[in-house]
Structures are given as structure tokens and as C-alpha cells.
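Line order of the protein sequences matches chains B and W.
Sequential numbering of the first sequence, starting at 77, is according to the working numbering.
Sequential numbering of the second sequence, starting at 2, is according to the working numbering.
Glycine is no exception: its CB is placed at the ideal position from the N, C-alpha and C atoms.
What you are looking at is a predicted structure, and each value in this text was computed from that prediction instead of being measured.
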Amino acid sequence: MASRMQNDCEGFFRRDFLRIGAGAGLLGLSLPELLRLEAMAAKKGANQPAKKADSVIMVWLAGGPATIDMWDLKPEAPEGIRGAFKPADTNVPGIRISEHMPKMAKVADKISIIRSIYHSIPSHGPATVFMTTGNKPTAALQYPAMGSVVSKVLAPRPGVPQYVSFSDIRGGLAGNSGYLGTAYSPFMVEGNPNGGKTTLRVRGIQLPTNFTLDSLANRDDLLAGFDSTFRETDKNADLVQGFDAFHKQALEILRSDKTRNAFDLTQEKQETRARYGMEAFGQSALAARRLVEAGVRFVTISIGGWDTHGKTFEAHSKRLQPTLDNTLSALIADLSDRGMLDRTMVYCAGEFGRTPKINKNDGRDHWARSMSVVAAGGGFKRGYAHGTTDGQGMAPATEACLPDDVSSTIFHNLGIDPKTELQTSTGRPITLFREGAVIDKLLA
Amino acid sequence: MFSENHCKVFVIALGIVFFAQAPARAEVTLPDGQVVRNVDFEKHIVGVLGRSGCNLGSCHGAFQGKNGFRLSLFGYEAEKDGLSVGREFNSRRINLNQPDQSLLLLKATGQGEHAGGRRFSVDSWQYQLIREWIAKGAPLSKGSGIITGFHVTPTEIPFKSPGESLPLKVVANFADGTSETITSLCEYRSGDEGVAEVNSNGVVKGVRGGDAAIIVSHRGQVVAVRAMVPLKTATGFKYPAVPEVNFIDKIVFQKLKKLNMVPSGLSSDTEFLRRVTLDTVGLLPTPEEIRKFLEDKSANKREKKIDELLKHPMHAALWATKLSDITGNNTDALEQPQNLKSRRSQMWHDWLKKRIVENMPYDKLVDGILCSTSRDGEEPEAFIARTKKQDELLAKGFESDYANKPSLDLYWRRQQQVTVDQWGERTAAAFLGIRLECAQCHKHPFDRWTQVDYRSYANVFSQVAFGVSPEMKKLVDAENAERKTKAPQNNQLNQVREIYVTATNPRAMTHPETNGPLIPRALGGQEMPIERGVDNRKTLFNWMIDKNNPYFAQSFVNRIWGHYFGSGIVDPVDDFSQANPPSNPQLLQTLGKDFIQSGFNIREMEKRILLSRVYQLTYKPNESNQFDESNFSHSAIRPMMAEVVIDVLSQATGVEENFGVDAPKNSRAIEVGSSRVNSTVNYALRIFGRPPRTAACDCERSMEPALPQKLYLMADTALQAKIESQSNRIKTLLSEFKDDSQALDELFLATLSRFPSETEKQHFAKYKEKNLDRKTLFTDTLWALVNTKEFIFNH
């Protein structure tokens, strides 16, 4: 028999990974690996799912939204639990959501509401890590955010970054690259997309305003004359070769107008911009759609204020739900109108839900045992509510699922086997979502 | 797909009766020629499952198994595997009547549906071996496979030249007194497949000149041997004589000679000066320093420079930063209130820095960290008084006298309780260079550590408490009550607490299987039962500093070496394990012994290394050593620490960095204790790989190049502002040097630490023809110079 086995349970031969982990190639370290993964994805091997989506937009609700007042209302529950809002019909018979999200009600036929997701960490930091990585946080290992994993396993597209984030979630604690290393950190958006004036830019990938492309060309020419020191000598220096390759990529990105254009929201019709909402969150959602159009794989946008320990109903009815309703519905409708929803997933979640029991300050506290999230597009079923919670919304009653499961499903749709094994810098093999399983019922 | 065997129990009974009288079965010949007459599950079958990949963590070796079938990871628990394979679910996986119809064989050969695909074919020896075992009744003899000796020969594979193939031989001694050749039943991998390949039957092939570790594993046993592949040489090749300065050169060159690899020549003065300055103080030499060094004609000027640099305050700052990584000075994890966290980090840094300045022996330094308490034996009143004074200073700013405290209790003081096993992992990585984390859940796949070792070691730290000791309670309660009245909110309260040692160990971990108590034990050392009045950390410390301890001294000299060469003798530096052998064992041992003999004198060790010819070789490789990455035959081109990147960019542009409220004013990045700074420079520190210091190992410091780094250098707003600033190096340059070629010299010295070459001068002259104004011309030049690889890498 052949001395090299073709595959193992993961679809990979273990020794290949060991070599990559211990191996020398720095740029080569990741490139063959990701090309291979991409090739596997295209080949649809035994475990490699068919690719249904190319990109993800994650809409992050920082602070932990009271989803019991948004997606999974409990009008039959006793007072002190059921809350102040009434459920309203949507365009999908049987699915009812908060009365304060009338626009979402009109795109309910395009989304899945997952009502039975839960976990066990009612603390912002670790819960955020759990939800954004799809892995329960441990002290021993920092898991990469889903966006970082995407930039690791999918091949980059020319001229655009892979993973762009509009928000340094929890000061960089979440949303980062964990064990994959800084190369897979998100590119951060700088500037404020507030109001009519747009000054958005991704840090480091666009030239400063007074730095022209001509000047870049000039300087690069001068650089070429000074940068030959290592040229003849180090045929085997991966560091040198890697940096040269990055130099080319960097020039490509700086010269490309793809990202710049994506941020030029004035290219959109005023009514489109208005539909998304003219405040920062709405405009960043629009920019996210444009980034995905330009080829970015994973975009995170974020809106805070969901940590409603007091006066939750006031905050939700006046501010939080109307804003989200506006922007999220506009994003989904716009993606759908443009035919992009088929290949773009939208995932709207926060770190946890909130206590079904209303506290003395008319607020709700942290509650991870039950919550809802919304997933749409790119392989997700449409017009579907997945699972239920019990009568008081305390815990899932049917189809209970974990963040790991939802993340697994997202990666399944991206054509990446959720059981794919990656390696830490110490060579330890880590399964992407060890505890997760694809939720078949969520698949279109 | 398969029909269940509904009368399994009956069949087994029948099978045992029947096969008990069965005649001797056929022999199976293994690829290494070994003939197996009596197939034994533990001795043979587990090895086959291992080399076929069945018991990997991603397959049936996963903690929860795969598809209902679980094997122990890498076959470490052969006995349990026997039950899984041969007995579980009424032996549904084997068919004693018709061995060929056994689920195990059907799946493994791909005849039945198997997510893992085909592992071997029906006509393979693996199949025959398993079939024979089933045919003779699938007997299990508990403990038959216990290995008492595991020998791989040769330990150094002596190739004559590339292209040659040589077989390894693996012999196991079993507890029952027998020995067997098990070469075919092991797993093999090469540490560097570019140098030597190994196939699944243990035949090693030299690919090109160099050396590589070949790692042999079998059911939890791991041994590494070394393949030495000498380079092909031209006829008449005579290995040149290479001068040696000290024993380091002798040992390194000895091995190179074995490989026919000739070390590069000595570095030039400018090359040496840039390298040694960056390595020791994290700065570029200034143009004046370079000129002065070049003018100095004395024979020992390199030694004088080394002495000067090792006494430099920035040298202490650099090691305080490195030791902050190693000891986990993670600002966010320190005690509340929030606004004091970065100040506490700075105290930590100060404490370390002071000891490097004083050149405190390494063992004393570790003693002060590992065995720290808050009171250092102080009386309660004195402790309260000192704490008050310290906290008053802390409330004001970064000034503190914490560095004068004998021990670093901050190491143990964290807002969130750290579990004893976390302390085990942290101390093992920091002071022994061992990564224990795998053994938390299962036997370490690449090293000797078991879960029992892991937990026993964790229990060494089970007496350490963070809170208030009984004798302090009254005073501390009173003080805290007073502080509480002054703090507007609970999270703004700076509570008095202390690290102290309790007489009992309520936090101790129990035995993973029996749940019984586990006596604290050093890794591979003696048991150390809890005794009243004895701090077990001190017992552990005494075990560490014993001259026969294989880790303590070696792990630190290896860290020093790794710092000065870009890679350790064991690399990564905190990964001492059976599967990751040193590239030059003799070198590591000799350095370790030397370090112990010197009384753990850090500066002396640094000087020894920096003086060696090996350190002072040029980065320019020759034909023979161009592919060398682990034998130190030429200086390695290596990335700089993130903090050093920031500092040299400030130096080159002539604009200082502002680290905001999380660092003392006018600090350089290397002097900042806090692991995060609330300033735009945090972005740059992050992309150049400054570690968050959250993990137990110092593997977090990313030394890989990444696209954002290049983009930062080329286009980041903050850096461009420094390059274009109105009051930067260019401004001074233009006023001080009216002549363009002199200005160019100066700018090259300030960035690349050397004069421009003729070609570079010509290139500059050509660029000048674009008729740019002088400021633009030199601003563009500065941009170009900081964007060269020569600038951003040390070499």
C-alpha cells in the first residue's frame, strides 16, 4: 500500500499538519494550507460540505440583548416576566416578533430566528468570546474569532482584506485572532460613519490623505534601490521571502480602489443610505454590504447599549429596537434585492440573553440559559423559527443548541468542515468547533 | 449497512470454547522482517491502530470517541482499547466466527462505510495481524503490552551523503521480561523533511545536507534520534580552519564540521554593532556611536562595547519586558481598581528591571518570584504601614518603591482566582521550559507527563492563598473598612489583601481516576507532603536549583540563546519535550553546566555568548550553509520584538512615541510595564506581535511577519505623520548637512546603521533628478529606508 495515506477522519493526513506546524515556510506556512483547504472545499470531499456562501456580515449587539423582548416574546408568561411589548405578526404565518420591529416583520420570510440557543456564561467578557469564536473560552487557549478563522482558511481575494471589523469588541478581547496569531487579526475601520459625512477608512490599508499614489510609486522606486541587501544571500530565508510577498500584496491593496470605493457611501442613492439609517450603525451596515461586494469575507459591525439592567423597555422601544429594526431589515432587504443574500450570511447576535424575570429597576439582568439569534442568507433556511423556549423563556424547550452548533452551521455554509483541524503555534491540533454539530434543520 | 450480530454472546462463548482448542494459526511477517507468531493485542494491535491513525485526537482518539467508538489517545491505555475493540457492545466490532466479517476490519479497509476512509488493504500485513488476533479468539491479556524499555537505534543516523537511506530499529522490553522488535508498529515523523524524510516503516532518507530530528512514537513512548546528513563536497574539499573564541565556538563548529558545513565569516564592525545594540538594548546605534566605534582601533573594542551595553539601563528594561512576558505580567488580570492596573504592571516591570541592573543571580531572581509572599516575613503592623505608603504612591502615579520589596507578590496577585493547575502550567512554562497543558486532559502525547504528574505538580501550589491570613485579619479588616468609606464605588476600592501560605491545601486536585488525594510532587521529582510551616514552593525551588535538575538552568540559558540568535537550541524556547530535542545537546548541556557553575550569573552568560565567534558571524551565508536554520552557522535574519520596532521607528524618525496614561511619561516602548496602552500605538504593538500575556507559555509573542506590518510601515497614518513631521530627523538633517551626500550618509547611519553602497548612492542620485525639493527628497528617502527589510529585521 501507499506509504502516504490519503486522508484521515478530518480529510487530512496528520503528518502534513505536523509539517506545516513545525515547518519553515512563513508565508508558505499558511498559503499551501489555505489553498489546500480551498481546494478541498471546491472538491466537496467526504467531509467537506458544499459551499453555499462566500461572506459573512456579523451584526454584534454588544451588552447582551433582551431577546425575550425581541424575537421570542412570552405573552402568556406571568407578570414580572412577560414584559411590556406585544408580539406582532410577520409575513411568515406563525412567526411573531416584537411590535417594535415592524420592518423586520416584513423580511421575516428571509431569515431564520434561532430561539433555542443557550450557553452558561453570564459574564460579558467570556460570553462575548464564546459567541464570537463558537468555542467555550478556556484559560489554556485563546480561540480565534470566526472572522479570523475565515481569513485563515479561505484564500484571499486580490486588493481587499479578508476580515474587517468596525468595532474593537471589548477592547480587542474578542474578535481577535487568538491562537492563529496576529496575521489573522481583523483590519480595523477608523473614523466615524456618522451622519452625512463619511470619513471611514480601514486603518493601514489606505494611504493617508496627503499621500498620493504617485508619491507611493516614487517612494517605492527609491525603496527598490535600497532593499537589495538580502537579495542574493538568503535563498532560504522565509522571513525575507514572506516580507517581499507581503510587500507586493500591500502595494496591491494600497493601489486598489476597491476598499476606498466601498467606503465611499456617496456612491449610494440618498434613499438607500437613509433606509439603513444615517447614524453610525446604519452607515456601517451599508459599508459592510459594500465591502462584501468588493470581496471582503467577513465584516463585523456592532451596536452597543443592550446591557439594560434598568429601564429596559424604555431603551428597547425608544432606541434599541427601532435602530436595529431599521438597519437590519434594510441590510437583509438590500442584500436580497441585489441577489447577494444567497451568497452572504448575516448573523445577528449578542453575548447572552437577559433574565426573563424583570428586576426592581424595570430592567433585565444577564441570562445565558436562553436567548435568540438571527441568521439569514447563504444556506440558511428562510422564514423559519428554530426551536422554542419554555413558557417563561427560562431555557430551551426544543432543539436546544449551543454557540458551537450555530458557528458550525455557519462554517458548513462557507464550505468549511467545522471539524477541520488547525494548529496552535505550539503545534497542538485544535478542531475548529470541537463541541459543535451542524444544525441540519437550519439548512435551506 | 451491517446487520447486527444478534447472537453475539453465544458466539463469543462458542468462539472461546472452539478457539481454545484451535491449532496454531499462520504467522504474520512484518515489513521489518519480524515474524509474529503469537499476536498480542496490547503489543501488536494497538501499534497497528496507532500507525493507521485510528487513535488520533481527531478520530477515535477524541475524548468522546468517534461515531460511538473510542480509543485512548495515541494508544496510551492499551488495556481500555482492548475492551473497546474486543468486548464493548457484546463484541460487535469483531466476528470470531468469520474474522473477515469483523466490523473493525471491514471499516478499516473501506469495505464498510467509514468516515475515516480506508486505512489499509485486505492484503496488507496490518489486516493479517488483526485477523489473526480475531481468529484466535481475540484474547486480551491485561498489561501484556506494558513497556519497560524503548530503544531506537542508531541514536544518530550517520549518513555519508544525501540520497542515502538507512533503517531505524526499535526494540521494546516488556514487563513480562520479553523483548521484541517493533519497528513496524511505530509512528515516525521528521522534524525537517527538507533534510531527512522517514517513511511509515522507519526507513530514513537523507534529502539534503543538514540535520533533522526523527521522532519515533509508539503508545505514548516518544524518542527522538538525529539524522545527520553531511553535505556533498567537491573533490579535494578541505574543511577550513575556523578560529574559536570560547567553548561555544568549539561545540558549534564541531557539529558543523560533521555536516561539511562551513560557518560564515566574521561580521563587519557596522553589522556587529547594529546587531548587538538591537539585541542588548533594543535600540539602533546612533550615527555618532557608529562613527566612534569605527574609529576605535583597539583590538578589544567589541568586548568593550559588549560590556558597555550589558550595563546600559535599556538592557535591563529589555529583559524586564522579556521576563514580564515569561511571568505573565498581564495588566488586565491584575487587581482592581481599573485605573491602578497599569501602574501595578509598571511596578512588576520595575521589580524585574532593578534585579537585572544589579545582575542578581538567576536562581535568586526566581526565588523572589516563585516563593513570594506579600509580607516577606514582616510583622502585621509593618506590613500595613508599608502597604499604606505604597498605595499612596500608587494613587499618585507610576513612582513606587515596589522594586525594593524582596519578593514579587504581584506574580501571584490576580483579580480572578487562578486555579492550582494554572499555576502548575505557568510555573512549568516559565521556569522549566515545559508545556504541560496537554496533560491536563490526557497523557501528554509528545512527552512523559501523565495526568497524575500534572495534578501532583499543580498541588505544589495548593497552599498559596490570596486574601487575608488569620494573624492579619484584625488589622486588614480595619484598614479595608476605612478604605471602603472613601471609595465611591466598590470597584474603585483598592483592597488590602496578601499572598500567604496556608497550612492545609483545600484547593488540591485529586487523582483523575480514583479521586483520591494526590501528594504534591515536582515534575519527575520527589513527593513533598504538606508540612506545617513549610512552603512547598520553597521545596520545589530547591529541587529546581539542584545541579542535576535537567530543566531549570538549561531552560534559561536556552532563552538567552534564543534571544541572541533568533531561535533556541531547543526551539520554541519553552517547549522542552521528548519530541522536541535540542539541535545541539552538547551545547545546551555545557551552557547549562557553565551557568550553574557561575552561580547563575546572567550577565556573564550573556557576555560569553556575545563574545563568541558564533554570535559575531555575518548573516551572509555561503554555499554550504545557506539552508541552515538550526546550527548557527551564520547569523539569522530575525524579526525584532514589537516594542523594539516602535522604539527604532521613533529613533529613525526622530519623533518620540506617546504611550498615554498607561505608562510613565517619556518611556520607550521597552520600558512600559503595561501589557496594553490606551493610545494609537497599541495597534502597532499588536500587529508586530506584542503578547497579551494571558497564556501560560510565552508562545504568544508572534514573530511571524504579517501583511498588516508591511501596510503599517508603508501607509499607516500615525507612522506617516512621524515621517512627515515638521520637527523630526529630516528637519535637523537638512539644517545640519547642507551637502546631500553627507545627509544621505547620515540618514543611512540613522536607519540601517551603515554607509550607503555605491549602487545605493547612484540610485539616490537618479532619484534626485526628479527635481523634488530637498525636504521631499529626504522624506522619501527616510520612508524608503524604514521600509527596507534590512531596517525591520535584525541580522
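Below-9 Å beta-carbon distance, residue i vs any chain W residue
i        : result
B/GLN282 : yes
B/VAL514 : no
B/SER224 : no
B/SER261 : yes
B/ILE379 : no
B/GLU152 : no
B/ASN294 : yes
B/ASP333 : no
B/THR208 : no
B/PHE302 : yes
Limits of the beta strand (DSSP E) - the one that residue i falls within
i        : result
W/SER728 : Counting along the chain, W/SER728 falls outside any beta strand (DSSP E), and DSSP gives it neither H nor E.
W/SER166 : 166-168
W/MET229 : 222-230
B/MET134 : 131-137
B/VAL422 : 420-426
C-beta neighbour in chain B for residue i, strict 9 Å
i        : result
W/THR789 : yes
W/PHE794 : yes
W/PRO583 : no
W/ASP364 : no
W/GLN70  : According to the sequence shown, residue 70 of chain W is Phe rather than Gln. With 9 Å as the cut-off, W/PHE70 does not count as an interface residue toward chain B.
W/ALA670 : no
W/ASP82  : no
W/ASP250 : no
W/LYS9   : Since pLDDT at W/LYS9 reaches only 43, below the 50 mark, its modelled position is unreliable, and no value is offered.
W/PRO241 : no
W/SER321 : The amino acid at residue 321 of chain W is misidentified as Ser; the sequence shows Ala. Not one chain B Cβ lies under 9 Å of W/ALA321.
W/ARG639 : yes
Sheet register partners of residue i (DSSP bridge)
i        : result
B/GLU497 : B/THR507
W/SER373 : Answer is none; W/SER373 lacks a bridge partner.
W/CYS439 : Answer is none; W/CYS439 lacks a bridge partner.
W/LEU267 : W/LEU618
B/ALA250 : BP columns for B/ALA250 are empty, so no partner.
W/SER668 : Per DSSP, none; premise fails for W/SER668.
W/ILE158 : W/ALA228
Element boundaries [alpha helix (DSSP H), containing residue i]
i        : result
B/MET180 : 178-182
W/HIS219 : Note, W/HIS219: premise wrong, no alpha helix (DSSP H); beta strand (DSSP E) at 211-219.
W/PRO709 : 708-716
W/VAL49  : 47-52
Residue i to residue j span [Cα, whole Å]
i        : j        : result
W/PHE238 : W/LYS259 : 14 Å
W/MET262 : W/PRO640 : 25 Å
W/LYS256 : W/ASN585 : 8 Å
B/GLU328 : W/ASP448 : 45 Å
W/GLY83  : W/GLY600 : 52 Å
W/LEU324 : B/ASN435 : 47 Å
W/GLY76  : B/GLY210 : 30 Å
B/ILE506 : B/ASN252 : 17 Å
W/PRO551 : W/ALA431 : 15 Å
W/GLY563 : W/ASP572 : 8 Å
B/PRO284 : W/GLU747 : 27 Å
W/ARG560 : W/LEU708 : 28 Å
W/ALA637 : W/PHE566 : 7 Å
B/ILE515 : B/ALA461 : 13 Å
Checklist entry - What residues in the segment 262-276 of chain W have a beta carbon less than 9 Å from any beta carbon of chain B? => result none
Next on the checklist: Along the segment 707-740 of chain W, where does the CB come closer than 7 Å to a CB of chain B? Name the residues.
Outcome noted: ALA707, LEU708, PRO709, LYS711, LEU712, TYR713, MET715, ALA716, ASP717, THR718, GLN721
Checklist entry - Looking at chain W, which residues of the segment 491-507 of chain B have a Cβ within less than 9 Å of any of its Cβ atoms? => result LYS495, GLU497, THR500, SER501, THR502, GLY503, ARG504, PRO505, THR507
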